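Undergrad: Under full-length UniProt numbering, the sequence shown has 8 at position 8, and the numbering climbs by one with no breaks.
Starting off with a structure, shown below.
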Amino acid sequence: MESDWRHKAACAKTDPELFFPTGETSKHDLDQIQGAKAFCVRCLVKERCLEYALETHQAFGVWGGMSTAERKAFVRRARHGY
């Protein structure tokens, strides 16, 4: 099944709220993003998670070690061939 990778994720048993901060500018938001990324660093399916977020146009949250702003910048660079 396509979503089987989710069961292997380092964050599988973590409160999903950690991965969805209310913004990306306040100290609290940035600390929350860093906390979420700490799971991604050691995750065996990090790349698949990021692929999923990009394929399904996830507009919010930390996916595959990237915040919303980082994914938007990544897509923008990819479109322009950077």
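In this text, a Cβ means the ideal position worked out from N, Cα and C, and glycines have one as well.
Just so you know, these numbers come straight off a predicted model, no measurement behind them.
Mind checking which residues open and close the alpha helix (DSSP H) that includes Gly-35?
TA: Here the alpha helix (DSSP H) through Gly-35 covers 27-41.
Undergrad: Considering only DSSP beta bridges, list what Trp-63 is partnered with.
TA: Note: Trp-63 sits in a beta bridge opposite Met-66.
Undergrad: Have a look at Cys-43 and Glu-17 and give me their C-alpha separation to the nearest angstrom.
TA: Their backbone Cα atoms lie some 18 Å apart in a straight line.
Undergrad: Give me the Cβ distance between Glu-24 and Ala-69, rounded to the nearest whole Å; I'm assuming they're in contact under 8 Å.
TA: Right, their Cβ atoms sit about 5 Å apart.
Undergrad: Taking only three categories from DSSP, how would you classify Thr-22?
TA: Of the three classes helix, strand and coil, the one that applies to Thr-22 here is coil, per DSSP.
Undergrad: Helix, strand or coil: which one does DSSP assign to Leu-54?
TA: Helix.
Undergrad: Should Val-41 go down as buried or exposed, given a rule of 16 or more other Cβ atoms within 10 Å for buried?
TA: That one is exposed.
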